[in-house]
Structures are given as C-alpha cells and as structure tokens.
Amino acid sequence: MAAILAGLAHALRLDPDERGYDAAAVALVADLRAVSVEFSRMWEEHRVSRSYSSTVSVHDERVGRLDFDYALMVSSQSHQRLHTLHAVPARPPRSG
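Have a look at this one:
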C-alpha cells in the first residue's frame, strides 16, 4: 500500500504545474492528508515523478502472501495515469 500512496503523492505533485490550480485536486490532497499520516509524510517530501515503481505485498487468508510489481505512469500530453499490478511468480521453497 505504501508504494501506491507514494506513487499517488508523486503524481499529484505534477497537477499544479500541468493544469494550474485545481480545487478538486487540492481538496483530494487535504482529505488524504487528514486520514493518512503516511500519505501526509510522503506529500511533505515534495517528490515529483511521471513514473513510479515498486513491489507491493498483500496477505490473503486463503492463499497467503501475494507479491505484485506495481507501476504508475503519467502521460505528459493527456495527463492520464496508468496504474499496473503484475503478479510476481512464487518462488518454490528451498529443499534441505
């Protein structure tokens, strides 16, 4: 989840430069900062990025740990964002 929050914080930093002042984006950031100390910390770091990648791990009670490669890409022309999650293949347990 931290990787997704970081990617979102980095991408939201691009908005004022690309679109000018956007009341909806300002309100979204305020809401996210109010409910998430982690997002607020990331926002204060002032990192800006058109792309971001990391590994995200999720625990599912039925199958256990699931790892995903996470990537965020932002188009400089259309300003659209693409979030992708790709499953990382499980490693077989070591014998011995």
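Each step along the sequence shown adds one to the number in the numbering used here, with nothing skipped, and position 21 is 50.
Beta carbons: idealized from backbone N, C-alpha and C, even for Gly.
Quantities reported herein were computed from a predicted structural model and do not represent experimental measurements.
Check this for me: beta carbons of residue 86 and residue 98, under 7 angstroms apart or not? Not closer than 7 angstroms, so no.
Which same chain residues end up closer than 7 angstroms to residue 106 when comparing Cβ atoms and leaving out the 5 residues on each side of it in sequence? Non-local C-beta neighbours of residue 106 in its own chain, meaning closer than 7 angstroms and more than five positions away in sequence, are absent.
Of the residues 37, 82, 41, 91, the one placed nearest residue 115, counting alpha carbons only: The option with the nearest alpha carbon to residue 115 is 82.
Can you tell me the Cα-Cα spacing of residue 56 and residue 62, whole angstroms? So the alpha carbons of these two residues sit roughly 10 angstroms apart.
Can you say whether residue 117 is buried or exposed, counting buried as having 16 or more other CB atoms within 10 angstroms of its CB? Exposed is the label assigned to residue 117, since fewer than 16 other Cβ atoms lie within 10 Å of its Cβ.
Beta strand (DSSP E) segments (min. 3 residues) lying fully within the region 78-124: Fully enclosed beta strand (DSSP E) runs of 3 or longer: 80-89, 93-103, 110-116.
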